[in-house]
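Enquirer: Encoded as structure tokens, here's the structure I'll be asking about.
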Amino acid sequence: MDNKEKQLFAYYYKQFAERSFDEKDVLAFLLFAKKHAQANKVLNELGQFLVQREQMTGYVKSYFDHCQEIIQNLGKGKKEKIENLFSFKEIRNQLNAFFVEQGFDKLSPEVINDIMLCMIALLQDVKLISRTTNKKVGHLSFAASSKELFLMGNMRVLHKGRFIPITFPVLTARNSYEKVTPRDQNDTPYLFDDALIEVMNHEGQLVITFPTIN
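Below is the structure:
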């Protein structure tokens with residue numbers, strides 16, 4: 001990094017450490033850091049994902065192609081669980097490794113969770129495109145339960161002549177932001193398909209601007 005880039009990097013780190021950022025700052029940081037994070041799989045892939053969105057490539061594209069294969073095989077005797085694109089641990093470890101490389105301290109788990117929430121909000125409404133037909137096969141949306149917040153993948157599978165909707169978590173953050181009343185005993189997430197969620201900062205606390213849910 002040249003001196004100006006180091007100054008910008010220090011600015012973003014200070015915002016994170018002081019929890020004075022929102023989703024727009026996370027977007028700006030990932031776009032800035034992408035150039036310097038080629039060897040950092042998580043930051044590189046997430047930065048590319050935010051830029052490319054439905055034109056995704058690399059590991060992210062392979063991940064969603066595999067999700068589609070798993071869903072298409074439901075009911076055919078082959079069972080496979082869809083894992084998150086990246087776990088909290090993966091994002092925490094690689095994000096902190098990147099900061100340590102630049103001479104900064106590690107960020108707290110609470111700040112990493114804030115960053116994950118912002119990434120979930122930023123990736124809403126991305127279309128999922130089939131690699132074989134080049135047509136839309138699903139989309140991403142924001143979801144919330146009393147304990148967790150999700151970037152949720154939404155696809156459909158044809159079963160006995162009917163299309164059945166399938167949802168699966170892509171990214172997950174702990175919900176320490178908004179009180180959400182559990183909708184059932186399983187705490188099934190509320191899915192926000194018709195409303196865009198924004199993550200804003202109010203006096204050092206992230207606020208989620210979703211409709212009232214009971």
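In this note's numbering, the protein residues as written are 1 to 214. Every residue gets a Cβ at the ideal spot worked out from N, C-alpha and C, and that includes glycine. The structure presented is a predicted model; accordingly, all values stated were derived computationally and were not measured.
When DSSP labels each residue in this structure, what does Tyr12 get in the three-state scheme?
Expert: helix
Enquirer: What are the start and end residues of the beta strand (DSSP E) that includes Val199?
Expert: 199-202
Enquirer: Measuring alpha carbon to alpha carbon, tell me which residue in Lys89, Gln94, Arg174 is nearest Cys118.
Expert: Ranking Lys89, Gln94, Arg174 by Cα distance to Cys118 puts Arg174 first.
Enquirer: Evaluate the contact criterion for the region 51-62 versus the region 146-158: three or more CB pairs, one atom per stretch, below 8 Å.
Expert: no
Enquirer: Flag this pair as yes or no: are the beta carbons of Ile120 and Ile91 separated by less than 8 Å?
Expert: The Cβ atoms of Ile120 and Ile91 lie no closer than 8 Å to each other.
Enquirer: With the cut-off set at 8 Å, would you say Leu95 and Ile115 are in Cβ contact?
Expert: yes
Enquirer: With the cut-off set at 8 Å, would you say Val199 and Asp25 are in Cβ contact?
Expert: no
Enquirer: Are at least three pairs of beta-carbons, each pair with one atom in the region 54-73 and one in the region 94-108, less than 8 Å apart?
Expert: Touching, no.
Enquirer: Helix or strand or just coil, what does DSSP make of Lys136?
Expert: strand
Enquirer: By the three-class DSSP mapping on this structure, what secondary structure does Leu74 have?
Expert: coil
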